[in-house]
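Asker:
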Amino acid sequence: MRQDWEPEDLIEVWTLLEDDMKRVRNKSRATRLGFALLLKFFEVEARFPESAKEMPAAAVEYVAQQVKVPSGAWANYDWQGDRIKRHRKEIREAYGFRANTEEDQERLAEWLAAELCPVELSRDRLAAAVVAQCRNEHIEPPAPGRVGRLVGKAVKDFETQFCRSRMERADPDLAVSGLSQRSGVHPGHSGGIQAVLGEADIVDDDRPRADPLQRPPSEVLPDRFVVPRRVGHELL
Numbered sequence: 001m002r003q004d005w006e007p008e009d010l011i012e013v014w015t016l017l018e019d020d021m022k023r024v025r026n027k028s029r030a031t032r033l034g035f036a037l038l039l040k041f042f043e044v045e046a047r048f049p050e051s052a053k054e055m056p057a058a059a060v061e062y063v064a065q066q067v068k069v070p071s072g073a074w075a076n077y078d079w080q081g082d083r084i085k086r087h088r089k090e091i092r093e094a095y096g097f098r099a100n101t102e103e104d105q106e107r108l109a110e111w112l113a114a115e116l117c118p119v120e121l122s123r124d125r126l127a128a129a130v131v132a133q134c135r136n137e138h139i140e141p142p143a144p145g146r147v148g149r150l151v152g153k154a155v156k157d158f159e160t161q162f163c164r165s166r167m168e169r170a171d172p173d174l175a176v177s178g179l180s181q182r183s184g185v186h187p188g189h190s191g192g193i194q195a196v197l198g199e200a201d202i203v204d205d206d207r208p209r210a211d212p213l214q215r216p217p218s219e220v221l222p223d224r225f226v227v228p229r230r231v232g233h234e235l236l
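All residue numbers for the sequence shown refer to the UniProt record's numbering, where the first residue is 1 and numbers rise by one.
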């Protein structure tokens, strides 16, 4: 989330609309301000902030004026209790989103391994693709740490499958003898994934390779998903 906001941008993005005000009307003080800020943050980012520090100070001041609560009340918003869980659930439902599940994360890892790992080397871009795909599917993205682990699993699965497919396509006798001579791994000895990857690289040296970083971003990453700001029209 960007931290610097010009007044005109604040008005356009952080103004509470009629439906927004209906949702905060039955809440008071820190709860009211906290809910309103989470609501607008999710509208912009399609996710919730990791901590109070991620919320732009200018947005806190502007939203506080609208809900008629001192901006300092934001520091008293409870980030650990059941209340914020209820708030998140209400906000997700308002925008037609749902929380991610373990099944979602496994499916996303499989999608990465099959579709993007073969053409994209950057783990940062793979992580960005996960977040974009979640937005497209109206799923709240996993926390950044979980996204990183998901990407790591996808890369490992892709490397394993790549090596297996290369070995299956090669002559079994040549594959075994090649590994023994070139990597120093003898038949019957497990040299790990790196030994197999090294052999695959040798076999594949003569094949022209396209640099994924030179490909148009649209061919690698899904289009950025933007949450419509008008709750009550497209989403409800």
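Backbone N, C-alpha and C fix where the C-beta goes; we use that ideal spot for every residue, glycine too.
In this text, all values refer to a predicted model and were calculated from it rather than measured experimentally.
Roughly how many whole angstroms lie between the Cα atoms of residue 96 and residue 166?
Answerer: About 43 angstroms.
Asker: Less than 8 angstroms separating the beta-carbons of residue 66 and residue 16?
Answerer: A contact, by the Cβ cut-off of 8 angstroms.
Asker: Are there three or more Cβ pairs, one per stretch, closer than 8 angstroms when the stretch 101-115 is compared with the stretch 67-75?
Answerer: The answer is no - the stretch 67-75 does not touch the stretch 101-115, with fewer than three Cβ pairs under 8 angstroms.
Asker: Can you grab the Cα-Cα spacing for the pair residue 149 / residue 22, in whole Å?
Answerer: Roughly 39 angstroms separates the two Cα atoms.
Asker: Do residue 39 and residue 84 have their C-beta atoms closer together than 8 angstroms?
Answerer: Against a cut-off of 8 angstroms, the Cβ pair of residue 84 and residue 39 comes out as no contact.
Asker: Name the DSSP beta bridge partners of residue 139, please?
Answerer: Partner(s): 98.
Asker: Please name the residue in 107, 138, 98 and 60 whose C-alpha comes closest to that of residue 154.
Answerer: Ranking 107, 138, 98 and 60 by Cα distance to residue 154 puts 107 first.
Asker: Suppose the cutoff is 7 angstroms on Cβ atoms and the five residues either side in sequence are ignored; what does the same chain contact list for residue 99 look like?
Answerer: Hits under 7 angstroms: 92 and 140.
Asker: Grouping DSSP H, G and I as helix and E and B as strand, with all else coil, what is residue 6?
Answerer: Coil.
Asker: Take residue 123 and list the residues in its own chain whose beta-carbon comes closer than 6 angstroms to its own, dropping the five residues that flank it on each side.
Answerer: Once the five neighbours on either side are set aside, the close Cβ partners of residue 123 are 151.
Asker: Please classify residue 1 as buried or exposed, where buried requires at least 16 neighbouring CB atoms within 10 angstroms.
Answerer: Residue 1 is exposed by the Cβ-count criterion.
Asker: On the three-state DSSP scale, how would you describe residue 215?
Answerer: Residue placement at residue 215 is flagged as unreliable, the pLDDT there being 47, under the threshold of 50; a coordinate-derived value is accordingly withheld.
Asker: How many angstroms separate the CA atom of residue 37 from the CA atom of residue 61?
Answerer: Distance between the alpha carbons of residue 37 and residue 61: 10 angstroms.
Asker: Note down, in chain order, each residue of its chain lying with its Cβ closer than 8 angstroms to the Cβ of residue 24, except the 5 sequence neighbours on either side.
Answerer: Contacts found: 16, 32, 35, 36, 39 and 67.
Asker: Measure from the alpha carbon of residue 138 to the alpha carbon of each residue in 157, 146, 104 and 125, then state which is nearest.
Answerer: If we check each option's Cα against that of residue 138, 104 comes out closest.
Asker: Which residue marks the beginning of the alpha helix (DSSP H) containing residue 19, and which one marks its end?
Answerer: Note, residue 19: alpha helix (DSSP H), 18-24.
Asker: Keeping to the same chain, check which residues put their C-beta closer than 8 angstroms to that of residue 237; ignore five residues upstream and five downstream.
Answerer: This structure gives no information on residue 237, because the portion of the chain shown stretches from 1 to 236.
Asker: Going by alpha carbons, who is nearest to residue 159 out of 120, 135, 134 and 136?
Answerer: Closest option to residue 159, Cα to Cα, is 120.
Asker: Buried or exposed: which applies to residue 146, given that a residue is buried once 16 or more other Cβ atoms fall within 10 Å of its Cβ?
Answerer: It is exposed - the Cβ of residue 146 has fewer than 16 other Cβ atoms within 10 Å.
Asker: Reducing DSSP to helix, strand and coil, say where residue 78 ends up.
Answerer: Coil, per DSSP.
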